[in-house]
Every structure is written in structure tokens, then in C-alpha cells.
Amino acid sequence: MDVSLVFREAVKADLPAVLRLYAQPDLDDGQMLPLSKAEALFDRLGRYPNYTLRLAVVQGQVVGVFSLLIMDNLAHLGAPSAVIEDVAVDSQWQGQGIGRKLMHYGLQICRDHGCYKVSLSSHLKRDRAHAFYESLGFDRHGYSFQVPLGPTPQP
0 MDVSLVFREA VKADLPAVLR LYAQPDLDDG QMLPLSKAEA LFDRLGRYPN YTLRLAVVQG
60 QVVGVFSLLI MDNLAHLGAP SAVIEDVAVD SQWQGQGIGR KLMHYGLQIC RDHGCYKVSL
120 SSHLKRDRAH AFYESLGFDR HGYSFQVPLG PTPQP
């Protein structure tokens, strides 16, 4: 790839481009969070210790994104762990190595923070994404469980 690829932390002005990436059909089914709500969330997330939104930028255009949370631990002799979430690359830029470089960037941040592991989750139906993550060295490890939290059930 012969274009200038830059990695950096997101700022609030990047939110319209980030929301566009998340609105892609294979992520949020074309749905987009309203900008005002995204700005409020961005401000709140900025107060989380070690939570960042990271970008891949080509010639001033945001083409990739992921969120990163580095968590301190009392277990594992105090070594932190990390979670990478919400990985997206603009569909027009996929297949050009941007996602791979973006993930290497994220993994290096985790190494620099002394993380003993990095976790991520991916929907069961995203076979291409699974193959991509495995090509980066991620292993399918255990099970990921979730429970949708709606209103508290009444006894």
C-alpha cells in the first residue's frame, strides 16, 4: 500500500467518521448513534482510565477504528489485561492490510502497557473476522457468555 497510513487516538471531531464506520451493514446494520449522544458518550469514556478509541487514518480520512480498554488486575501478579472491541475498517479500504496494521498497532499498545493478554469478541456468524483474528495469533479460548439486560424482572 503506497498511501500514508497514520495511527492515532481519536478526538471528538472524529466522531462523525467513526459513526459512519460503525453504521456499516456488517456491524450495526446501517444504524447510527445520533452524534449528540455519541459526543456525550465520548466525553464520559474519556474519564475512564486507560480507555481509548484508536484510529487508522489515510490522507486525513478515518478508515479504521477500535476501542481499547486496559484493565489493572490483582490476579496475574498485577499484570494488566486488555480488551479490544468495536473493530471496523471502511469496506472500501478492506483487503489492503489496514485492519492487520491497525490490530498490530493495538497489540503493541498492550505490550507497552505490560498486558499479559488481549481479549476480543466477535459474533459467531462473522467467519471472515474469525479467520482474520486467528491469522493475527488470536486463539479461540473458552467460551464467551453474555446475558441481555433488559428491565429487572419482577418476582
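Each residue of the sequence shown is one higher than the one before, counting from 0 in numbering that gives the first Met the number 0.
Cβ atoms here follow ideal geometry from the backbone N, Cα and C, with glycine treated the same way.
Going by DSSP, Q23 is part of no alpha helix (DSSP H) at all; its letter is neither H nor E. Shortest Cα-Cα distance from F6 to any of Q107, D28 and G45 involves Q107.
Shown here, D85 sits in a strand according to DSSP, grouped into three states.
Rounded to the nearest whole angstrom, the C-alpha separation of N72 and N49 is 13 Å. R127 sits exposed, since fewer than 16 C-beta atoms from the chains shown fall within 10 Å of its C-beta. Boundaries of the beta strand (DSSP E) around L68: Q60 to M70. Under DSSP, F6 forms a beta bridge with A55. For S35, the uninterrupted alpha helix (DSSP H) run begins and ends at L34 to L44, by DSSP.
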